[in-house]
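Trainee: The listed protein sequences correspond, in order, to chains A and B.
Position 53 of the first sequence, counted from 1, bears residue number 52 in numbering that gives the first Met the number 0, the numbering being contiguous throughout.
Position 115 of the second sequence, counted from 1, bears residue number 114 in numbering that gives the first Met the number 0, the numbering being contiguous throughout.
Don't be surprised by glycine CBs; every beta carbon is placed ideally from N, CA and C.
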Amino acid sequence: MLSTMRTAKTLAALSVIALLAACGKSDPNSPGVEYMPDMYRSPAIEAYVDYGQDPYYHTEEKARTQRDRVTARKPVPGTIAFNEDAGMAMLNAPYPFPNTPEGYEAAGAELKSPIAMTQATVDNGKAIYEKFCMHCHGATGQGDGPVVNNGKYPPPGAYNGPLKDLPEGKIFHSLHWGKNVAMGSHASQLSKEERWHVTHYVQFLQNGGKMTREPEAQAAM
Amino acid sequence: MPLPACLSRRSKGSIRSTLALFLSLSLTAAHAQPADAAQYAAGEKLFKGNCASCHKVDTKMTGPALKGAKAKWEGKGDLYAWVKNSQAYLKTGNEMATAIWEEYKPVVMTPVSLTNEEIDAVFYFVENYAPPAPPPPPPGEETASGDTGSNNWLWLLVLALLFLVVGLSLSGVKRSLANAVNEAEGKGPLPESTRMQRFRAWAWDHKVFMSFVGLFLTVWVILNLWDAAWVIGVYGGDEVPHYKPEQPILFNHTLHAGKADKGNLAINCQYCHSSAEKSKHAGIPSTNVCMNCHKAVNAGRTEAGTKEIQKIYKHAGWDPEKGAYTGKEEPVRWVKVHNLPDHAYFNHAQHVAVGKIECQTCHGPIDEQMDVAEQWSPLTMGWCIDCHNKTEVKMAGNGYYDEVMARLNNDAKLGHEELKKYLEDDKISVKELGGWECAKCHY
């Protein structure tokens with residue numbers, strides 16, 4: 000009788016120690032314990048949640064369907080973004096120039112910025128440029144960003160060099176469809192308005208950091 | 000040089016020595032300087048400025064590889080005219096030109112305004128091209144692992160057990176010695192009793208000491224349990240090991256977003272997580288964002304890196320041989336790292352676009368020391384409201400708060416004491432604008 004009691008006590012002590020030891024260690028791959036999953040998990044579908052981990056609201060079958068589907072996607076082709084402002088809504092109309100050399104040339108000849116280039120659009124364009132373009136095109140558009148320098152990436156032309164006279168339509172076209180192999184399309188990351196702002200900033204860089212081109216340069220064109 | 004996370008800490012040493020060997024080998028290769036260094040340098044500059052966007056020296060990209068082009072054209076046509084304006088030269092019906100156009104159309108080569116001498120310089124550079132030496136691995140890469148600290152108490156436990164064993168055997172020795180003495184003096188042996196009985200008798204004799212020990216032990220256990228309770232369900236912060244799940248593609252944050260002066264690519268976080276300032280979620284990029292660069296970058300800095308890039312191609316449905324999409328996409332099952340419970344609402348746009356908080360404030364030095372993304376911050380409510388209390392709202396030039404600011408100033412002039420006190424230290428914290436209201440985050 001006494002010995003059973005003692006064994007029970009020893010076992011209890013050992014299990015407490017084991018429990019404490021288990022708390023101290025942790026598997027970096029384990030998302031941890033979830034007590035009260037009804038407060039952790041949303042009954043409505045939330046982005047980036049694997050519903051297979053959630054037996055509370057969803058079945059394994061549903062989770063399997065979810066896992067086999069690409070969730071991070073581009074909008075359906077032809078999607079037109081909603082905008083309350085009628086002027087801005089026009090910007091979101093489908094882009095008319097196809098992704099071909101002819102489309103590129105046509106955009107260069109016909110496409111003009113629907114937004115006037117102002118200090119505000121250039122400033123916003125600069126902020127966007129620093130997030131989306133600078134790592135390849137460089138801080139001043141010389142084509143010397145860290146991806147080119149450290150990553151041996153094919154360098155883009157300098158805005159004050161080979162690309163000095165690139166018209167705004169071609170700049171926008173390249174942002175929309177990408178250019179050659181080295182530059183991909185940025186249409187999924189930037190709205191049309193943002194792309195025009197970046198275009199304005201690129202023109203600002205083409206002008207050597209000025210809003211308009213120097214008079215003698217204009218005469219030379 | 001950042002190492003991919005799949006390498007265990009142990010294997011780093013051997014890789015390092017291999018790297019060093021490789022480095023010294025490639026350095027000697029790079030030292031094989033071409034005869035005419037000035038021509039080479041001039042050609043390199045022209046090549047980078049005018050050709051490198053579409054041509055590589057030894058592999059084809061948008062256009063053909065340039066190495067060997069000069070020999071190929073020898074006696075078959077006018078290379079200079081072809082380079083200067085390919086479309087015009089194509090009209091002459093040259094066979095070589097037509098063959099190249101058939102292979103690479105419909106991409107038109109932009110006419111290049113270079114002189115014949117400059118084109119010669121470019122081809123001199125191309126023919127004598129020696130790849131530059133890889134950047135030396137930055138010093139201080141080896142970071143101490145944080146595991147040692149948590150093992151301390153285990154060692155203490157082992158030590159305590161050792162002392163216990165020694166103590167018990169000593170008491171056994173003492174007892175047999177006492178018995179031996181008793182026997183020698185003609186007394187009977189000590190009364191038969193178990194260790195526990197003897198311990199109880201001893202403890203009864205040292206009541207005060209034992210109650211102190213008991214009190215100490217009880218308090219110690221309670222304190223430890225209290226501490227442990229605070230980190231239940233916490234997987235970031237200073238107290239616990241961070242949640243650091245293995246991802247289906249071993250994306251290296253340090254390499255992509257790290258500082259340029261350390262040999263990294265310094266891509267802005269928002270290039271990939273572009274919805275961080277527009278939406279509740281920072282967003283995992285769709286594979287087309289990866290492909291913006293990885294159409295051209297098909298080899299990593301290490302063999303393991305190249306393998307990971309192949310995985311992107313598989314998921315994006317990209318055929319690197321043909322240079323075209325197959326249309327067969329496969330979802331990448333990224334593992335979510337920061338799991339905020341549903342009863343707490345968090346919005347990235349509010350913090351990034353309005354609050355102008357740096358990503359690193361919450362996500363830690365993800366651009367400096369995280370080959371694998373991990374949960375840096377504890378994401379506890381205490382952590383949230385602590386920051387809401389301390390952080391000063393960036394009011395100036397922030398359109399979002401213009402109205403709030405105007406009203407606060409106006410109301411303060413009217414003498415509303417409650418509002419006045421917000422402004423008296425010229426500092427408006429998130430808390431003062433309602434950042435501690437329950438319904439801000441819980442609704």
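1. Any chance you could list the beta strand (DSSP E) runs of at least 3 consecutive residues sitting entirely within the region 82 to 124 of chain A, in chain order?
2. Opposite residue 182(A) in the DSSP bridges: which residues?
3. Do you know how far the Cα of residue 412(B) is from the Cα of residue 404(B)?
4. Any chance the region 180 to 191 of chain A sits against the region 290 to 302 of chain B, with 3 or more Cβ pairs inside 8 Å?
5. What residues in the region 56 to 72 of chain A bring their beta carbon closer than 7 Å to a beta carbon of chain B?
6. Quick check on residue 380(B) - is its C-beta less than 9 Å from some C-beta in chain A?
7. Counting contacts by CB-CB distance shorter than 9 Å, is residue 342(B) in contact with chain A?
8. Just mark residue 142(A) as buried or exposed, buried being the case when its beta carbon has 16 or more other beta carbons within 10 Å.
9. Could one say the Cβ of residue 167(B) lies closer than 9 Å to chain A's Cβ atoms, at least one of them?
10. Quick one: give me the first and last residue of the alpha helix (DSSP H) that residue 256(B) is part of.
11. Let me know the secondary structure DSSP gives residue 39(B) once reduced to three states.
12. Go ahead and label residue 205(B) buried or exposed: buried means 16 or more other beta carbons lie within 10 angstroms of its beta carbon, across all protein chains shown.
13. Check whether the region 39 to 55 of chain B and the region 149 to 164 of chain A touch, using three or more Cβ-Cβ pairs below 8 Å as the test.
14. Within the 9 Å Cβ cut-off, does residue 181(A) reach chain B?
15. How would you list, in chain order, the residues of chain B whose beta-carbon sits under 9 Å from the beta-carbon of residue 98(A)?
16. Find the nearest neighbour of residue 66(A) within the set 80(A), 83(A), 78(A), 46(A), judged by alpha-carbon distance.
17. Could you please give me the residues that DSSP links to residue 317(B) through a beta bridge?
18. Name the chain A residues whose beta carbon is nearer than 7 Å to that of residue 51(B)?
19. Can you say whether residue 300(B) is buried or exposed, counting buried as having 16 or more other CB atoms within 10 angstroms of its CB?
20. Using the Cβ count rule (16 or more neighbours within 10 Å means buried), how would you classify residue 204(A)?
21. Between which two residues does the alpha helix (DSSP H) carrying residue 385(B) extend?
22. What three-state label does DSSP hand residue 9(B) in the structure shown?
23. Determine the direct distance from the alpha carbon of residue 168(B) to that of residue 197(B), and round the result to whole angstroms.
24. Grab me the residues of residue 188(A)'s own chain with a C-beta within less than 7 Å of its C-beta, minus the 5 sequence neighbours each way, in chain order.
25. In chain order, what residues of the same chain lie with their CB nearer than 8 Å to the CB of residue 106(A), ignoring the 5 residues before and after it?
26. Could you give the DSSP three-state label for residue 428(B): helix, strand or coil?
27. Let me confirm a value: residue 85(B) is counted as buried when at least 16 other C-beta atoms fall within 10 Å, else exposed. Which label applies?
28. Could you please tell me which residues of the region 282 to 301 of chain B, in chain order, have their CB closer than 8 Å to any CB of chain A?
29. Could you confirm whether any beta carbon from chain B is found closer than 9 Å to the beta carbon of residue 84(A)?
30. Are the C-beta atoms of residue 438(B) and some chain A residue less than 9 Å apart?
31. Measuring alpha carbon to alpha carbon, tell me which residue in 266(B), 322(B), 248(B) is nearest residue 256(B).
32. Assign residue 198(A) to one of two classes, buried (16 or more other C-beta atoms within 10 Å of its C-beta) or exposed (fewer than that).
33. With 16 other CB atoms within 10 Å as the buried threshold, where does residue 191(A) fall?
34. At a Cβ threshold of 9 Å, is residue 249(B) touching chain A?
35. Output, in chain order, the set of chain A residues within a Cβ distance shorter than 8 Å of residue 267(B).
Mentor: From the atom records:
1. As for any beta strand (DSSP E) of minimum length 3 sitting wholly inside the region 82 to 124 of chain A, there is none.
2. The sequence position of residue 182(A) within the first sequence is 183, counting from 1. DSSP links residue 182(A) through a beta bridge to 178(A).
3. In the second sequence, the residue the question calls residue 404(B) occupies position 405. In the second sequence, the residue the question calls residue 412(B) occupies position 413. Cα-Cα distance, rounded: 12 Å.
4. Verdict: yes, contact present.
5. For the region 56 to 72 of chain A, the residues whose beta carbon sits under 7 Å from a beta carbon of chain B are, in order, 66, 67, 68, 69, 70, 71, 72.
6. Here residue 380(B) corresponds to residue number 381 of the second sequence, with the count starting at 1. Residue 380(B) does not count as touching chain A.
7. To locate residue 342(B), count along the second sequence from 1; it is residue 343. Interface with chain A (9 Å Cβ-Cβ cutoff): residue 342(B) is included.
8. The count along the first sequence starts at 1 and reaches residue 142(A) at position 143. Taking all protein chains shown into account, residue 142(A) has 16 or more neighbouring C-beta atoms within 10 Å of its C-beta and is therefore buried.
9. Within the second sequence, residue 167(B) is the residue found at index 168, counting from 1. Taking Cβ atoms only, chain A never reaches closer than 9 Å to residue 167(B), which makes this a no.
10. Locating residue 256(B) in the second sequence gives position 257, counting from the first residue. Following the DSSP letters along the chain, one finds residue 256(B) inside the alpha helix (DSSP H) bounded by residues 252 to 256.
11. Against the second sequence, residue 39(B) aligns to sequence position 40. Residue 39(B): helix per DSSP, three-state reduction.
12. By 1-based counting over the second sequence, the position of residue 205(B) is 206. With fewer than 16 Cβ atoms within 10 Å of its Cβ, residue 205(B) is classed as exposed.
13. They touch, by the three-pair rule.
14. As a first step, residue 181(A) is located in the first sequence; it is residue number 182 there, counting from the start. Yes, residue 181(A) lies at the interface with chain B (some Cβ there is under 9 Å from its Cβ).
15. Start at 1 with the first residue of the first sequence, and residue 98(A) comes out as number 99. Residues of chain B with a Cβ closer than 9 Å to the Cβ of residue 98(A) do not exist, since the nearest Cβ in that chain sits about 10 Å away.
16. As a working mapping, residue 66(A) is identified with position 67 in the first sequence. Among 80(A), 83(A), 78(A), 46(A), the Cα nearest to that of residue 66(A) is on 46(A).
17. For this step, residue 317(B) is matched to residue 318 along the second sequence. In DSSP, residue 317(B) forms a bridge with 324(B).
18. If you number the second sequence from 1, residue 51(B) lands on position 52. What residue 51(B) touches in chain A: 153, 154.
19. For the purposes of this step, residue 300(B) is identified with residue 301 of the second sequence, where counting begins at 1. Classification for residue 300(B): buried.
20. Here the question's residue 204(A) lines up with position 205 in the first sequence. The C-beta of residue 204(A) has 16 or more other C-beta atoms within 10 Å across all chains shown, which makes the residue buried.
21. Position 386 of the second sequence, counting from 1, holds the residue named residue 385(B). First-last of the alpha helix (DSSP H) with residue 385(B): 380 to 389.
22. Counting from one through the second sequence, the residue named residue 9(B) turns up at place 10. A caution first: residue 9(B) carries a pLDDT of 39, below 50, which makes its placement in the model unreliable, though a value can still be read off. Residue state, collapsed to three classes: coil.
23. Your numbering for residue 197(B) matches position 198 in the second sequence. Your numbering for residue 168(B) matches position 169 in the second sequence. Straight through space, the alpha carbons of residue 168(B) and residue 197(B) are spaced by roughly 14 Å.
24. Position 189 of the first sequence, counted from the start, is the residue given in the question as residue 188(A). For residue 188(A), where only same-chain residues beyond five positions count, the Cβ hits under 7 Å are 131.
25. The count along the first sequence starts at 1 and reaches residue 106(A) at position 107. Taking C-beta separations shorter than 8 Å and ignoring five residues to either side along the sequence, the partners of residue 106(A) in its chain run 96, 168, 169, 171, 172, following chain order.
26. In the second sequence, the residue the question calls residue 428(B) occupies position 429. In this structure, residue 428(B) counts as strand in the three-state DSSP scheme.
27. As a working note, residue 85(B) is residue 86 in the second sequence. Residue 85(B) should be labelled buried.
28. Per Cβ criterion, the list reads 282, 283, 284, 285, 286, 287, 288, 290, 291, 292, 294, 295, 296.
29. In the first sequence, counting from the first residue as 1, residue 84(A) sits at position 85. Not one chain B Cβ lies under 9 Å of residue 84(A).
30. What you label residue 438(B) is simply residue 439 of the second sequence in a count that begins at 1. So, not an interface residue.
31. Taking the second sequence and counting its residues from 1, the one referred to as residue 256(B) is at position 257. Put simply, of 266(B), 322(B), 248(B) the residue whose alpha carbon is nearest the alpha carbon of residue 256(B) is 266(B).
32. Taking the first sequence and counting its residues from 1, the one referred to as residue 198(A) is at position 199. Residue 198(A) should be labelled buried.
33. To locate residue 191(A), count along the first sequence from 1; it is residue 192. It counts as buried.
34. The residue you call residue 249(B) lines up with position 250 of the second sequence. With 9 Å as the cut-off, residue 249(B) does not count as an interface residue toward chain A.
35. In the second sequence, the residue the question calls residue 267(B) occupies position 268. Taking a Cβ-Cβ cut-off of 8 Å, the neighbours of residue 267(B) in chain A comprise 129, 130, 131, 133, 134, given in sequence order.
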